[in-house]
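Convert by adding 55 to the 1-based position in the sequence shown; the result is the number in the working numbering. Only one structure is covered here, and it is reproduced in the block below.
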Amino acid sequence: MTSYRLACIPGDGVGPEVIAAGLQVIRRAGEITGRFTIRTTDLPWSCAYFLEHGVMMPEDGLQVLGNHDAIYLGAVGFPSVPDHVSLRGLLLPIRQGFDQYVNLRPVRVLDGIPSPLRHGTSKTVDMLCIRENTEGEYAGIGGRFKRNTPDEVAVQSSIYTRKGVERIGRYAFKRAQQRRNRVASATKSNALQYTALLWDEVMDELSHEFSDVALTRYHVDALAARFVTEPESLDVVVGSNLYADILTDLGGALQGSLGLAASANLNPERKYPSMFEPVHGSAPSIAGRGIANPLAAVWSASLLLEHLQEREAAALVMRAVERAAADGPRTPDLGGRASTQDVTDALLGALTKPQPQSV
Ligand code: GGG
56 MTSYRLACIP GDGVGPEVIA AGLQVIRRAG EITGRFTIRT TDLPWSCAYF
106 LEHGVMMPED GLQVLGNHDA IYLGAVGFPS VPDHVSLRGL LLPIRQGFDQ
156 YVNLRPVRVL DGIPSPLRHG TSKTVDMLCI RENTEGEYAG IGGRFKRNTP
206 DEVAVQSSIY TRKGVERIGR YAFKRAQQRR NRVASATKSN ALQYTALLWD
256 EVMDELSHEF SDVALTRYHV DALAARFVTE PESLDVVVGS NLYADILTDL
306 GGALQGSLGL AASANLNPER KYPSMFEPVH GSAPSIAGRG IANPLAAVWS
356 ASLLLEHLQE REAAALVMRA VERAAADGPR TPDLGGRAST QDVTDALLGA
406 LTKPQPQSV
């Protein structure tokens, strides 16, 4: 029996509610498979922590996290702290410091959950979005001067490196080889003639290496339209930090709720721990009411188990998510009246080993 060390950062708003649900499910999956237990380190890093300590996480935060097999994070951000302070004080230092350069975001409509798309079904909306997660528009390089004067200037630079584009591109092509052999790459190369052209050129070079995968380059605006008009034509979608973030919120909407959008921040080389989190934020308007949808956090837990190579448990958890989606109960974001714990109970009930079929 393996014992995994999990660093938990429930964070703000609904984060603690959905992480509590995810942990119940992970623990049960460990019991059912008989393969593992988890030991959690509960870290209170959040906007509340910031108000008390003046930082989102302590100076040795990455060192603390580094001693774990994976990180499970809820949500970051609350109106009491400016968003750029909370994001740049917690989530981004972890992604960048641990070189989690892949942000994996599956966009798939689950049977039973209506998509706002007329033709949106599990057959037509099934993409794997791959977001570059350590550079691009989120590099954090720039500045402001002549503040609060009519001559004020703000500069924010995007950083695209050949190494950075190559490694995310290669990851995307490899994932496409395990799926339907198509990569859609997002840039805006008609307007951004330096960064976007580097991205496009590297993707073209990689496509010679992966001759079994069809690469299509899109301008990000056209790709956003395609998400809506022809989602069935999309398999793996790869884009920069900002573009893929925006596209995957659209993806979450196509899935029927951002409460279903899961993600993994991966360091594929496993030099550092990877981090798993629902795409959604802290949802202050429903925080503390026990009605947050736990499915995105639980789907993210399935990605976590997959990363730990607990494939049976990952598949069991994913099947439970699919069953809870199909059979309910549903939280208010999906038009239902169920609580977070109602859905969690349904997930726990659905977590069973498949019985061997008799012939
Ligand atoms: N679930 C983590 C969370 O709170 N995400 C909200 C957010 O603003 N994320 C920024 C990003 O992913 O770039």
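C-beta: ideal position from N, C-alpha, C; glycine also.
Proximity below 9 Å, CB of residue i to CB of residue j
{"i": "L259", "j": "L270", "result": "The displayed chain sequence assigns Asp, not Leu, to residue 259. Contact flag set, yes."}
{"i": "L402", "j": "P339", "result": "no"}
{"i": "N158", "j": "I185", "result": "yes"}
{"i": "V165", "j": "E332", "result": "Contrary to the premise, residue 165 reads as Leu rather than Val in this sequence. The answer is no: Cβ separation not under 9 Å."}
{"i": "L120", "j": "P323", "result": "no"}
{"i": "V69", "j": "F105", "result": "no"}
{"i": "V268", "j": "V292", "result": "no"}
{"i": "D67", "j": "S101", "result": "yes"}
{"i": "L371", "j": "I87", "result": "yes"}
{"i": "G404", "j": "G391", "result": "no"}
{"i": "E221", "j": "V257", "result": "yes"}
{"i": "L389", "j": "G311", "result": "yes"}
{"i": "T386", "j": "G307", "result": "no"}
{"i": "I64", "j": "Y156", "result": "no"}
{"i": "T57", "j": "T92", "result": "yes"}
{"i": "R234", "j": "E264", "result": "no"}
{"i": "D290", "j": "V334", "result": "no"}
{"i": "N188", "j": "N296", "result": "yes"}
{"i": "A347", "j": "R160", "result": "no"}
{"i": "A368", "j": "R60", "result": "no"}
{"i": "L406", "j": "R83", "result": "yes"}
{"i": "G345", "j": "E107", "result": "no"}
{"i": "L261", "j": "F228", "result": "yes"}
{"i": "G191", "j": "I149", "result": "no"}
{"i": "A351", "j": "I168", "result": "no"}
{"i": "Y273", "j": "T242", "result": "yes"}
Residue range of the unbroken beta strand (DSSP E) whose run includes residue i
{"i": "G191", "result": "191-200"}
{"i": "G68", "result": "Segment: none, G68 is in no beta strand (DSSP E) and carries neither H nor E."}
{"i": "P161", "result": "157-163"}
{"i": "P99", "result": "Counting along the chain, P99 falls outside any beta strand (DSSP E), and DSSP gives it neither H nor E."}
{"i": "V292", "result": "291-294"}
{"i": "E332", "result": "329-333"}
{"i": "P181", "result": "Checking the sequence shown, residue 181 turns out to be Asp, not Pro. Per DSSP, D181 belongs to the beta strand (DSSP E) from 181-187."}
{"i": "L415", "result": "Since the first residue shown for the chain is 56 and the last is 414, residue 415 is missing from the structure and cannot be characterised."}
{"i": "A209", "result": "208-214"}
The ligand GGG heavy atom lying under 8 Å from the CB of residue i
{"i": "E332", "result": "yes"}
{"i": "N348", "result": "no"}
{"i": "G343", "result": "no"}
{"i": "G130", "result": "The question names Gly, but residue 130 is Ala in the sequence shown. It does: the Cβ of A130 is within 8 Å (strictly closer) of some heavy atom of the ligand GGG."}
{"i": "D166", "result": "no"}
{"i": "L146", "result": "yes"}
{"i": "T307", "result": "Here the sequence assigns Gly to residue 307, which means Thr is not the residue at that position. The answer is no for G307."}
{"i": "H123", "result": "no"}
{"i": "H263", "result": "no"}
{"i": "Y193", "result": "yes"}
{"i": "G294", "result": "no"}
{"i": "H335", "result": "yes"}
{"i": "D154", "result": "no"}
{"i": "G66", "result": "yes"}
{"i": "D259", "result": "no"}
{"i": "D138", "result": "yes"}
{"i": "L120", "result": "no"}
{"i": "D97", "result": "no"}
{"i": "L142", "result": "yes"}
{"i": "D400", "result": "no"}
{"i": "D300", "result": "yes"}
Range of the contiguous alpha helix (DSSP H) that encloses residue i
{"i": "L278", "result": "275-284"}
{"i": "A416", "result": "Since the first and last residues shown for the chain are 56 and 414, residue 416 lies out of range."}
{"i": "G404", "result": "395-405"}
{"i": "T242", "result": "First-last for T242: 237-242, but that is the beta strand (DSSP E), not the alpha helix (DSSP H)."}
{"i": "D124", "result": "No alpha helix (DSSP H) holds D124; DSSP gives it neither H nor E."}
{"i": "Q232", "result": "217-232"}
{"i": "S141", "result": "138-141"}
{"i": "M258", "result": "250-264"}
{"i": "Q410", "result": "Element bounds for Q410: n/a, residue is neither H nor E."}
{"i": "H362", "result": "350-362"}
{"i": "R150", "result": "147-152"}
Closer than 8 Å: residue i CB and nearest the ligand ADP heavy atom
{"i": "G70", "result": "The ligand ADP is absent from the structure shown, which contains only the ligand GGG."}
Residue-chain proximity (residue i, chain D), Cβ-Cβ < 9 Å
{"i": "P409", "result": "Looking at the structure shown, chain D is missing, and only one protein chain is on hand."}
Quiz item: Would you call the stretch 309-328 and the stretch 340-360 touching, i.e. three or more CB-CB distances under 8 Å?
Solution: yes
Quiz item: For the 8 Å Cβ check, are there 3 or more pairs between the stretch 128-137 and the stretch 189-208?
Solution: no
Exercise. Answer yes if the stretch 384-399 comes into contact with the stretch 176-190, meaning at least three C-beta pairs across the two stretches below 8 Å, and no otherwise.
Key: no
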